[in-house]
Amino acid sequence: MYRPALLLLAFSFAMPACALADEINVAVAANFTAPMKVIASRFEQATGHKVLAAYGATGKFHAQIQNGAPFDILLAADDATPAKLDQENATVPRTRFTYAIGKLVLWSPQAGVVDGQGAVLKSAGFAHLALANPKLAPYGLAAVETLQKLNLYSALQAKFVTGENIGQTYQFVASGAAPLGFVAMSQVFEDGKLKSGSAWTVPARLYSPIRQDAVVLAKGAGKPAVTAFIAYLKSDAARAVIRAYGYDLVYDH
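Just so we're aligned, residue 168 is where the sequence shown starts under the numbering used here, counting upward by one.
Spelled out as C-alpha cells, the structure:
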C-alpha cells in the first residue's frame, strides 16, 4: 500500500536540478537592453532560472514599483531612484550597488553627419535633435546638462524630439525621425567599435556621472533565483559583457 508513495519519493530525488528553477521579474533601464539580453541568456543557460525582463524609463519603473508592480530586481539608469526606493522601504536593505557607469553619445545613423568634436551641434544644418525625457531618463538629463554646458540649450530647444526613454530616443534617430540625437553608448557601440553611422562620445566633464545602480526589491526577498542573478551580475562573465558595450565598472566583487 506504500508503493506509490515510495515511487513518488524516488522520482523526486531523480528530478534534475533545473526542475527547481524559478522565474524572476527584472525591471531594466532601456539603455541596458542589449547587454541585459546577453547576460540574461547566459544566466538562464547556467542556472535554469528564467528571466522575465521589462525595459523602459527608470522614472516610470519607480512609479510602477510604488504602485505594486511585481518586479523582483531593478536595474536603474541612475543611482537616485534605487536610493529613493531604499528610503521608501521598497527594497531589501543593503542590496544596492553600482553595476555600470553609462556614457552619453551624440549619434547619427549616417556617416559623416556627426564629427568627432560635436561641432555639428553649433550648425543650423539639422531640423531635429532627439533626446530622452530628462524628467524620466538619466541619459536625457545628461543630454540637457551637456547642451547647457555648451551654451546651446536655448538655441536648440525648439528642435528637440523627446523620447519617453532612451530606447525610444534611439528609434527616433535610427528611423530618421531625427537626423541625430543623444543616445547611450551601449546602443551604438560594441566591443569598443561604432556599429554604424557617425558619433561623438560626449566628454564626461559635460554631464553628471551616470551611475547605474541595481537593487533587490521587496518582492524579490528570499528568492534563491534573485540571489543567483545578483551574484551572476557581479561575476567576471557579466562584467565582461558590460564592458563590451562601453560601460565603465566601479565595484569589486
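The beta carbon of each residue, even a glycine, is placed where N, CA and C say it ideally should be.
The structure displayed is predicted, hence computed values, not measured ones.
| request: Verify whether the separation of the beta carbon atoms of ILE240 and LEU384 is less than 8 Å. | output: Counted from its first residue, the sequence shown places residue 240 at position 73. Counted from its first residue, the sequence shown places residue 384 at position 217. In contact: ILE240 and LEU384 (Cβ atoms closer than 8 Å).
| request: Quick one: measure Cβ to Cβ for ILE421 and ASP245, integer angstroms, because I've assumed they're closer than 8 Å. | output: Because residue 421 is not part of the residues shown, which for the chain are 168 to 420, the question remains open.
| request: Could you give the DSSP three-state label for VAL382: helix, strand or coil? | output: Translated into the one-based positions of the sequence shown, residue 382 becomes position 215. In the three-state DSSP reduction, VAL382 falls in the strand class (E or B).
| task | Would you decide whether ASP358 is buried or exposed? Buried here means 16 or more other CB atoms lie within 10 Å of its CB. | result | Residue mapping note: residue 358 aligns to position 191 of the sequence shown, counting from 1. ASP358 comes out exposed.
| According to DSSP, which residues form a beta bridge with ILE377? | Numbered from 1 along the sequence shown, position 210 holds the residue referred to as residue 377. DSSP, once it has assigned bridges, lists GLY269 as partnering ILE377.
| Which residues bound the alpha helix (DSSP H) around LYS316? | One-based indexing of the sequence shown puts residue 316 at position 149. Where LYS316 is concerned, the enclosing alpha helix (DSSP H) stretches over 305-316.
| query | Do you know offhand how far THR200's Cα is from LYS289's? | reply | The residue you call residue 200 lines up with position 33 of the sequence shown. The residue you call residue 289 lines up with position 122 of the sequence shown. So the alpha carbons of these two residues sit roughly 31 Å apart.
| task | Can you grab the Cα-Cα spacing for the pair GLY413 / ALA188, in whole Å? | result | What you label residue 413 is simply residue 246 of the sequence shown in a count that begins at 1. What you label residue 188 is simply residue 21 of the sequence shown in a count that begins at 1. About 32 Å.
| Of all the alpha helix (DSSP H) runs that stay within the bounds of the stretch 213-295, which reach a length of 4 or more residues? | Runs of the alpha helix (DSSP H) inside the stretch 213-295: 225-233, 247-254.
| If you draw a straight line from the alpha carbon of GLY292 to that of LEU323, how long is it in whole angstroms? | Here residue 292 refers to the residue found at position 125 of the sequence shown. Here residue 323 refers to the residue found at position 156 of the sequence shown. Taking the straight line joining both Cα atoms gives about 12 Å.
| Among PHE396, GLY343, ASN192, PRO202, which residue has its Cα nearest to the Cα of GLY269? | Working through the sequence shown from its first residue, we reach residue 269 at position 102. Of all alpha-carbon atoms in PHE396, GLY343, ASN192, PRO202, the one lying nearest the alpha-carbon of GLY269 is that of PRO202.
| message | Let me check one thing: in DSSP terms, what residues is LEU361 bridge-paired to? | response | Working through the sequence shown from its first residue, we reach residue 361 at position 194. LEU361 pairs with PHE356.
| query | CB LYS227 to CB LEU303, shorter than 8 Å? | reply | As a position in the sequence shown, residue 227 is number 60, starting the count at 1. As a position in the sequence shown, residue 303 is number 136, starting the count at 1. One thing to note: LYS227 has its Cβ within 8 Å of the Cβ of LEU303.
| said: Suppose contacts are defined by Cβ-Cβ distances below 8 Å. Is VAL272 in contact with VAL350 by that definition? | reply: Indexing the sequence shown from 1 puts residue 272 at position 105. Indexing the sequence shown from 1 puts residue 350 at position 183. Yes, they are a contact pair.
| On the three-pair Cβ rule with 8 Å, is the stretch 330-349 touching the stretch 386-394? | Contact fails: fewer than three Cβ-Cβ distances are below 8 Å.
| said: Let me check understanding here. Comparing Cα to Cα, which of VAL382, ALA404, ARG406, THR394 lies closest to THR258? | reply: Position 91 of the sequence shown, counting from 1, holds the residue named residue 258. Nearest option by C-alpha distance: VAL382.
| query | Helix, strand or coil for ASP189 per DSSP? | reply | As a position in the sequence shown, residue 189 is number 22, starting the count at 1. ASP189 falls in the coil class under three-state DSSP.
| task | With DSSP collapsed to three states, give me the class of LEU347. | result | Sequence index remark: in the sequence shown, residue 347 carries index 180 (1-based). Reduced to three states, the DSSP call for LEU347 is strand.
| message | Classify MET168: buried if its beta carbon has 16 or more other beta carbons within 10 angstroms, exposed otherwise. | response | One-based indexing of the sequence shown puts residue 168 at position 1. Summary for MET168: the model assigns pLDDT 44, below 50, so the residue's position carries little reliability, and this model does not support an answer.
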